[in-house]
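Right, one structure below, let's go through it.
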Amino acid sequence: MKIVLASNSPRRREILSNIGLDFDVIPSNIAEETKEKEPKNIVMDLSRKKALCVAEKLDDDSIVIGADTVVVIDGEILGKPKDKGEAFSMLRRLSGRWHKVYTGVSVVSLRNRKFINDYESTDVYIKNLSDDMILNYIEKGECLDKAGSYAIQGYGSLIVERINGDYFNVVGLPISKLYDIFLNEFNINLL
């Protein structure tokens with residue numbers, strides 16, 4: 001059985017590598033567009049599309065993992081910032097407030113012809129940030145390719161005051177949820 005991650009995210013690769021999983025990476029390269037409106041439905045739809053797109057290219061002995069993550073505050077999705085100015089605006093908005101991070105997880109087993117689609121959400125509180133703190137963080141360079149303009153696993157750990165939920169969900173792959181899917185739905189024990 002071959003396990004394939006349908007994502008080019010270094011963070012997702014690292015999470016799977018940290019548990020010793022042997023897997024291949026085949027990015028889906030889909031257009032990240034959806035008609036869904038609710039954050040949990042958006043991430044489930046996009047993770048589904050990613051997993052199914054890659055699954056179409058593989059043989060019957062493969063399991064494909066798709067994932068998609070968004071940051072939500074006041075009902076609005078904050079994607080990846082276009083530039084440092086937009087990153088500053090996002091971080092100013094998140095400063096001193098709670099927001100939610102949603103990650104959709106989809107698993108396709110070609111052998112079993114089975115598809116599981118789920119999501120995880122985590123509440124994150126960003127400490128009160130001065131403009132100088134935001135500017136200094138932006139200059140570290142990790143915010144421009146991250147939803148919400150921060151990386152909890154990097155320098156962003158200095159601005160996240162607390163979380164309620166799965167840390168790895170905020171990084172981009174709720175590994176505990178993925179383990180449950182593998183064990184309960186496919187009878188595969190990753191331990």
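Each residue of the sequence shown is one higher than the last, beginning at 1 in the UniProt record's numbering.
Each residue gets a CB set at the ideal place from its N, CA and C atoms; glycine is no exception.
DSSP, read as helix, strand or coil, puts SER7 in coil. Below 8 Å, enough C-beta pairs join the segment 132-143 and the segment 154-174 to call them touching: three or more.
Straight-line measurement puts the Cα of ARG92 at about 34 Å from the Cα of ILE65.
With a cutoff of 8 Å on beta-carbon distance, ARG13 and ALA67 are scored as not near each other. The alpha helix (DSSP H) runs of length 4 or more contained entirely in the segment 64-120 are, from start to end of the chain, 84-94. Assigned with DSSP and collapsed to three states, ILE30 falls in coil, not helix or strand. The C-alpha of LEU94 is placed about 44 Å away from the C-alpha of ASP60.
CYS143 and ASP132 have their alpha carbons spaced roughly 15 Å apart. Separation of LEU190 and ASN41 (C-alpha to C-alpha, rounded to the nearest whole angstrom) is 27 Å. Taking the CA atoms as reference points, LYS100 sits about 22 Å from ASP180. In the DSSP assignment, ILE19 forms no beta bridge with any residue.
In this structure, DSSP gives ILE152 a state outside helix and strand, which the three-state scheme calls coil. Annotation: PHE23 to GLY172 spans about 17 Å, alpha carbon to alpha carbon. With respect to the 8 Å criterion, ALA147 and GLY75 are not classified as neighbours on the basis of their beta carbons. Excluding sequence positions up to five before and after TYR125, its CB lies within less than 6 Å of the CB of TRP98, GLU161 and ARG162, all in the same chain and listed in chain order. Pairing THR122 with ASN112, the inter-Cα distance amounts to about 31 Å.
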